[in-house]
Amino acid sequence: MAHSANFWDKIAVKYSKRPVGNEAAYQQKLQKSREYFRSDMEVLEIGCGTGTTALSHAPFVKHIRATDISSEMLKIARDKAKAQNIKNVTFEQSDIDHLTVPDQSLDAALALSLLHLVENKEDVIKRVYKMLKPGGYFITSTVCLGDNMKYFKLIAPIGKFFRLMPLLKIFSAKEMETALTDAGFEIDHLWQPEKAVSIFIIARKVPST
Ligand SMILES: C[S@@+](CC[C@H](N)C(=O)[O-])C[C@H]1O[C@@H](n2cnc3c(N)ncnc32)[C@H](O)[C@@H]1O
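Listed below in structure tokens is the structure:
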């Protein structure tokens, strides 16, 4: 954890100034997520980074608990919340592996650009499954590099960045989908923007019968 947190701490300022790679796709993901939100929802975000997504979703839900391992990322996120006068997002430093959330307490969880960075995505998915209420949603956007060599060409310019990363797991979009369905989710929405290396999935915790 320390190594990973250090890496993200060091690049936090640069990360916060970097424009979103594909703004149109990002906006579409925000829009789609909001189709699932209600004003009474309790939401968790893991790996929230500098808080851009949590702060933009804040008006559409009751509360977002936005967590990240990097204190520097969170410092920027808190400053942004203050500047925007947003009060229903709580930022908290935690590694997903040590996060405590009561079972069946959440309406939705978000993990955006995170699951390819964790040691064991299946464990994280299982933990999120337990945290969600039956019928709750897990919204993920995950880099899936395992499908096709052509994707390596697309990431070549950012390859250096990836090599510097503490951890990058390579798996296919199908493996990502299977990890969710194996844990008990059903896929409600799946979208891979053209030429993108990430897959956006909204998965629903199937209520047990
Ligand atoms: C690629 S950034 C994505 C940030 C944000 N979700 C976004 O879409 O812009 C990955 C974030 O995950 C955080 N992170 C990495 N490993 C983590 C872990 N095990 N638990 C919690 N956060 C983690 C990093 O500190 C970083 O802020």
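Mapping of the sequence shown onto our numbering: position 56 corresponds to residue 413, and the numbering continues sequentially without gaps.
Glycine included, every Cβ here is placed at the ideal spot set by N, Cα and C.
At a cut-off of 6 Å, the beta-carbon of V400 does not count as near ligand 1: no heavy atom of the ligand is closer than that. Between the alpha carbons of Y486 and I403 lies a distance of about 13 Å. Under the three-state reduction of DSSP, I426 is assigned to coil, being neither helix nor strand. Ranked by Cα distance from F528, the options D454, D397, S555, F417 are led by S555.
For the alpha helix (DSSP H) assignment, the uninterrupted runs of no fewer than 4 residues enclosed by the stretch 360 to 421 are, from N- to C-terminal side, 380 to 391, 409 to 414. Counting along the chain, K526 sits inside no beta strand (DSSP E), nor does DSSP assign it H or E at all. In the same chain as I453, and ignoring 5 residues on each side of it, the C-beta atoms closer than 6 Å to its own belong to I403, V481, in chain order. In the same chain as A540, and ignoring 5 residues on each side of it, the C-beta atoms closer than 6 Å to its own belong to I482, K483, Y486, in chain order. The C-beta distance from V400 to A466 rounds to 7 Å, short enough to fall under 8 Å. Per the C-alpha coordinates, the member of N363, A381, R375 positioned closest to E551 is A381. About 18 Å separates the Cβ atoms of P564 and P459, ruling out a contact at the 8 Å cut-off.
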